[in-house]
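Structure first, commentary second.
In the numbering used here, the protein residues as written are 58 to 115.
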């Protein structure tokens, strides 16, 4: 079963856990961590701010 990134984040927050297993064909292929999600969010925010121009600067 594929779980979208946002749903994975919600699950981690609800269960108060810091990571989730990444499984493919019933085999563990990785671990998704809070840091992974923060890196994704940071990159998305940087992209949006750079597209919005100077008024988008914090």
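Cβ coordinates follow ideal geometry from the N, Cα and C atoms, glycine included.
The beta-carbon separation of residue 62 and residue 97, rounded to 7 Å, stays under the 8 Å limit for a contact. Going by C-alpha positions, residue 106 is about 21 Å away from residue 92.
Look at residue 60 here: in three-state DSSP terms it is coil, with no helix or strand label. DSSP places residue 97 within a helical segment (H, G or I) once states are collapsed to three.
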